[in-house]
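Those protein sequence lines, which keep their order, are chains A, B and C. According to the UniProt record's numbering, the first sequence is numbered sequentially starting from 1. According to the UniProt record's numbering, the second sequence is numbered sequentially starting from 1. According to the UniProt record's numbering, the third sequence is numbered sequentially starting from 1. Think of the CB as a built atom: it goes at the ideal place given N, C-alpha and C, for glycine as much as any other residue. All values reported here derive from a predicted model rather than from experimental measurement. Following: one structure in structure tokens, then a few remarks.
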Amino acid sequence: MAEQPWVLHPDRALPTEPGQRSIAREIYASTAALPIVSMHGHIEPGAIRRNDAFGDPAELFIIPDHYLVRMLVSQGYRNSDLGVQPHQGDAPVETDHRLIWRRFAENWKLFRGTPTRYWMEHELSVVFGITQEPSAATADAIYDQLSASLSTPEFRIRALFDRFNIEILSTTDAPDSDLAEHAALADQGWGERVVPTFRPDGVFYPDRVTWRAAVRALGARCGREIVSYQGFLDALQERRFAFVAAGARATDHGHLTANTTPLAAADAERIFQQALSGPVDAASAEAFAGNMLFESARMSVEDGLVMQLHPGVARDHSAAIQQGYGADNGFDIPVAVDFTRGLQPLLNAFGLDPRFRLILFTIDETVYSRELAPIAGAYPSVRLGAPWWFLDSPAGMARFRELVTETAGFYNTSGFVDDTRAFASIPARHDLSRRVDAGYLARLVGEHRLTLDEATETAIDLAYTLPLTAYARRGAVTPAATPARAEAESAAQ
Amino acid sequence: MAEQPWVLHPDRALPTEPGQRSIAREIYASTAALPIVSMHGHIEPGAIRRNDAFGDPAELFIIPDHYLVRMLVSQGYRNSDLGVQPHQGDAPVETDHRLIWRRFAENWKLFRGTPTRYWMEHELSVVFGITQEPSAATADAIYDQLSASLSTPEFRIRALFDRFNIEILSTTDAPDSDLAEHAALADQGWGERVVPTFRPDGVFYPDRVTWRAAVRALGARCGREIVSYQGFLDALQERRFAFVAAGARATDHGHLTANTTPLAAADAERIFQQALSGPVDAASAEAFAGNMLFESARMSVEDGLVMQLHPGVARDHSAAIQQGYGADNGFDIPVAVDFTRGLQPLLNAFGLDPRFRLILFTIDETVYSRELAPIAGAYPSVRLGAPWWFLDSPAGMARFRELVTETAGFYNTSGFVDDTRAFASIPARHDLSRRVDAGYLARLVGEHRLTLDEATETAIDLAYTLPLTAYARRGAVTPAATPARAEAESAAQ
Amino acid sequence: MAEQPWVLHPDRALPTEPGQRSIAREIYASTAALPIVSMHGHIEPGAIRRNDAFGDPAELFIIPDHYLVRMLVSQGYRNSDLGVQPHQGDAPVETDHRLIWRRFAENWKLFRGTPTRYWMEHELSVVFGITQEPSAATADAIYDQLSASLSTPEFRIRALFDRFNIEILSTTDAPDSDLAEHAALADQGWGERVVPTFRPDGVFYPDRVTWRAAVRALGARCGREIVSYQGFLDALQERRFAFVAAGARATDHGHLTANTTPLAAADAERIFQQALSGPVDAASAEAFAGNMLFESARMSVEDGLVMQLHPGVARDHSAAIQQGYGADNGFDIPVAVDFTRGLQPLLNAFGLDPRFRLILFTIDETVYSRELAPIAGAYPSVRLGAPWWFLDSPAGMARFRELVTETAGFYNTSGFVDDTRAFASIPARHDLSRRVDAGYLARLVGEHRLTLDEATETAIDLAYTLPLTAYARRGAVTPAATPARAEAESAAQ
């Protein structure tokens, strides 16, 4: 293998049966070159504004990639061995980036069967032209070749942005963000290509140690101190309008549960005051956070921001990792979620409102057929986001289609949404999604349940049209008007 | 596509791999023409007695079909836009049925990948001979052709009953039903072809606003007022015997949970009296309903009626839809169910009794391998019903077989059971089930785990024999005597 | 079929698509003849020490096999009809073993699609050279042929042990076991081939009727009465060291939940004293058992025993069966398990410790992708055991790989672990596992996601290397040193 040049097979991740593969190939051919719509990213807008370079291979591929670091940690490395900076403790962080890269390359076999393997192959081969498989023997040569590329203008972020054919990319921004980077991007003519997303989790969970500082920062951004729950709501609304003005399409909410029960204003105020002055118990914090989801939906009806919700993760499962490395360092473990009962208050209030759009994500696959598809197949406001996090994988995406489509169809889903911090992996992820959807659609064609024309149209919608329309700000941009939608809009008057 | 005549492929929904397809085709050939056994229907017996015509295409295909209306609602239509009559509110109901049909045809793409698409294709092409795919362009022509057919005697219900080769069809009947339609059908010689099913949910949940009226009606049917819990039990028993006399095979129970904990008689009486005189809280109502499942099982041991249970649906998730259109209008959303603990009281009391038969349905697929297959693979009274509701779909049925068979085998399942209000879809649903089972069995043959002869025999059992024997009233009709059964029966003396 | 000799197809259980089958065949060829590593068995060590014969066909194949008896019971037989000895009640146990065999053979069709069918075909055809399929017609002839074989030296346990190529087999032993059989086996030179496993469930659940006797026996083995919680911990630790000295690799824990919350010593002492003197409620017992898992992990860090946990079974679901036949007689029904929250205390304390190894099993498949793969893909101490119990089946094993690999990879799993009481089924189970893994890996090769060389290496690891290394006692035997491991070990100094 190492002797032959390492070229990715053009049919990778397509079905193996020759008849199916042939159909899938035709479908994929119609989506492979479509622009990328990336509505849920975690790229720093400043990096794009400055047109940053990506540093060395460890800085690009390993240190910031949770998926990759996590796997090596699961086999005995410490985060610090891989260059992840500890917040406290005496573990010396590894500073030899070539050694970090070598540790990865030597352990290439650990990634067999994982999406990380697929993405890395795509990045190394397609993006960087590497012709050798990573291994102990090839680690240094690959490192050198990558380093050489990374020092050229062709591998700065804007050049890759163009080469990847990214039409629009959303960033993730705290409510107190001044949005200055986005304003600067707009001045540079990039305002339509890079848009902010309003992510208020930091001020929704009053039991987090960072909550008071986050509320203070929110108030400071609005030019006043926040001393009441109503003042808090006012500040959020004000910032949401600022985000809308800066081009935002959506808000984003990562919660422990799907609870959306509104609180009486007095109860919300009581918890808010308690949190301002001291500790809040977890149950009160969870109740407050659920109330804030309800309030966020209410605000979305007003300002048209699409609401994204991805609940069900017990963050920082390992106290030692959290203490050593800070929050969200690879030890976030999913839990079961009750969407049916959790979302009922919110959907009862806003679920039928044509001004509202809710996009749901999960890592608990048990809700796909039991809860999410029935909910999205009934409430006109709801769309199902793409398979999230660990499920953004070949089999994970195939299961999503299989478990959701029969009840919700294709058109109650959002199309593909990547959720990555790893810029260079964006085209790999979209490419994989297009291949998996082509395989799923090929099966429907092969079973004579769809024509090839229908399958091709659907594939294009999933890859391109649906993400654009699902994330179109309600009332602002009109989603591609279908007869159904036109009816609904006029019916809602 | 529109230019060519629209003919369904004979191999639709069979496996795509040529070797597998060839085996599946052989298996399917042995079941395709078998009579239909439809033990869980929702057709009005009066419609059969009167030999009704079906009205216009919107009245046959759209307005009464929850699956279909729900999908259009999920994309922005209101129920009333599709001819569904609101109970209250000012939404004017659409009365132009041609327009309703057009709304459906224009949105044909929404149904891609859904069972509704498969069923509709079958109904339009096979049952009605339509040669065009629905679309905005073809809507009117198809409407006219369907209307012309529907006005002929060949498309009245009894002619279709014969043409569909329905051997037996169960209806669903309230406990206070006078069963007059069934008596009239019996007079017409249709008593063996159309049988009632005893469905007492309406009197089991004392927190429903309709509960007191339902109990009053039950008493009235028995010629006395029901003033006590014991009187309630007596009335139920009396009506069950009336149902048995009218040919009933089974009872049917749709509950929120699988709880079957019996109450002390005094506790049941207390809740019953409270409900007669005023409101009952949800916890008491759920306890009462669970107790009534236990009591129903006890009665089944006596009268031999097969007990069907399908729990796990939060009905009327949207208060606005319930208030506007009444109960069960497309916004029933499933929840997780604990069968293992819920059924334990009932199974401890009756689960080993050869006079008892319990058929379990679920929309919570997580229990297939974890709970249902182990329960059915141990308790001789239990059979697993076919995939229910949203799961009555190609992939849903395939997952059922895959998740259940290895632990419970084929012979602890009920064979195919449709659950439809849409009469014209009955043959489509049975046909699809036979194709999916043929595909599943073909794989076992292809993997050399079954011979083709065994697979064919199994397919026939799943399509025809098992539904007949699973729904044979215990003690009345003897299920096809197997050595095991004969042993068990004599052992139970 | 009955006319032709009954020969198993060499490609059974491999993928059906010709291209996939061809790749799978190549991969399987590299694992088919590997030695068997059986780290979780339930064979009596005395039977091996004495080199027992297996009795008659009913005694070998039917009476002790829960899977098989259970299926016949689910269709109406009583346990006693199949030779299972009732503990009480008046059901006469069937003593005619030829008749018992005939009952099984006549009901061969019930096992279609089940792993029991696959294993039995393998045992009858490959191990015993039977050339007829079981049926009413062939039952007696097969019985006679099996009986004849079973009376020869070639079918005694040690001859089969050699013929099956079992390299190492773990037994399951109570903490009060004197380990005399293992000592005798060591004297015979079999000490490395048959090792004990420490299974303390009997003394961990103080609400079991057998608990006091089990604690008494544990004390007696240590030569003293256990009168305090600390004395109890001391005795456990003492016995664990005795097991280590006898060659044990692991402990084994079957619990109702995954709760691992430690108790304050005073609380544990209080429950312990209460249990010594009288009944303990279920909640206290569960709290005590959870505490003991935590304590067991702590002890594992000291003595290096690998900790196995398989939670989530409601044992003895049927009171009648438990009363009639004793515990664990086929009516153990799984329930949902929360591993994420349950394991958090244990993993926070020991999950990052390189001296600790935890292998997790489940019958609740919903946790594969949601909880187990993320946990094993992060904590270096955790490996995922093979699909357990009902899931030790073709589709069950395929789902495990599909749902786990993308997040945890192959190398955070334990490789294949059988869990059988049926000695003759051991090679059938390992063979099936190797075929299923070959099929899974063939798909990755077919999708151009792995090379054939990588797939073959992975298959060998799953079948042979990983079970050996996953069950290597920590600190004692060094697992095959990977660079990652070496780093981790030195980093942990």
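A:R473 and A:G304 do touch by the CB rule: their CB atoms are close to 4 angstroms apart, below 8 angstroms. In the three-state reduction of the DSSP assignment, B:T340 falls in the helix class, which pools H, G and I.
Taking a 10 Å sphere around the C-beta of C:D81, we find 16 or more other C-beta atoms and assign the residue as buried. Bridge partners of B:R383 according to DSSP: B:I359. Per DSSP, B:V73 is one residue of the alpha helix (DSSP H) stretching across H66 to S74. At a cut-off of 8 angstroms between beta-carbon atoms, C:I375 makes contact with chain A. Taking a cut-off of 8 angstroms for Cβ pairs, the segment 238-253 of chain B and the segment 186-204 of chain B touch, as three or more such pairs fall below it. In the three-state DSSP reduction, A:F243 falls in the helix class (H, G or I). A check of alpha carbon separations from C:F54 across C:T261, C:A159 and C:A289 identifies C:A159 as the nearest. Cβ-Cβ distances below 6 angstroms link A:R49 to E181, A184 and L185 in the same chain, with the five nearest sequence neighbours on each side left out; the list follows chain order. Beta-carbon to beta-carbon, B:H40 and B:D418 are separated by about 7 angstroms, close enough to satisfy the 8 angstroms threshold. In the DSSP annotation of this structure, the continuous segment of the alpha helix (DSSP H) that includes A:D453 starts and ends at L452 to I460. In its chain, beyond the 5 residues on either side, P206, D207, I271, Q274 and F288 have a beta carbon closer than 8 angstroms to the beta carbon of C:V280. According to DSSP, A:T413 shares a beta bridge with A:L384. The beta carbon of B:Y118 sits closer than 8 angstroms to some beta carbon of chain A. Taking a C-beta cut-off of 7 angstroms against chain A, the contacting residues of the segment 441-462 of chain C are R443, L444, G446, E447, H448, R449, L450, T451, D453, E454 and T458, listed in chain order. When the beta-carbon positions are compared, C:I321 and B:P374 stay at least 8 angstroms from each other. Runs of alpha helix (DSSP H) with 4 or more residues, each lying fully within the segment 112-170 of chain B, are found at 115-121, 139-150 and 157-163, listed in chain order. Burial of B:R399 is indicated by the presence of at least 16 other C-beta atoms within 10 angstroms of its C-beta.
Between A:D353 and chain C, the shortest Cβ-Cβ separation is not below 8 angstroms.
Counting the other CB atoms within 10 Å of its CB gives A:G223 a total below 16, which places it among the exposed residues. The contact set of A:Q145 on chain C, defined by CB atoms closer than 7 angstroms, is empty, because the minimum CB distance reaches about 21 angstroms. By the neighbour-count definition (other C-beta atoms within 10 Å, threshold 16), C:D187 is an exposed residue. Using a CB distance cut-off of 8 angstroms, B:R429 does not count as an interface residue toward chain C. For B:A29, the enclosing alpha helix (DSSP H) stretches over residues P18 to A29. For C:I333, the three-state secondary structure derived from DSSP is strand. In this structure, DSSP gives B:Q274 a helical state, which the three-state scheme calls helix. Interface criterion met: the Cβ of B:P380 is under 8 angstroms from a Cβ in chain C. Using a Cβ-Cβ cut-off of 7 angstroms, B:H9 is close to H448 of chain A, given in chain order. Put simply, the segment 452-470 of chain C touches the segment 407-422 of chain C. At least three CB pairs are less than 8 angstroms apart.
At least one CB of chain C lies nearer than 8 angstroms to the CB of A:T114. Non-local beta-carbon contacts of C:L347 in its own chain, meaning distances under 7 angstroms to residues more than five positions away in sequence, involve Y379 in chain order. One thing to note: A:V209 has its Cβ no nearer than 8 angstroms to the Cβ of A:I226.
The three-state secondary structure of A:L444, taken from DSSP, is helix. Here B:T458 is not near B:P345, since their CB atoms are 8 angstroms or more apart. Neighbourhood of A:I333 in chain C, by CB distance below 8 angstroms: T340, E371, P374, I375 and A378, in chain order.
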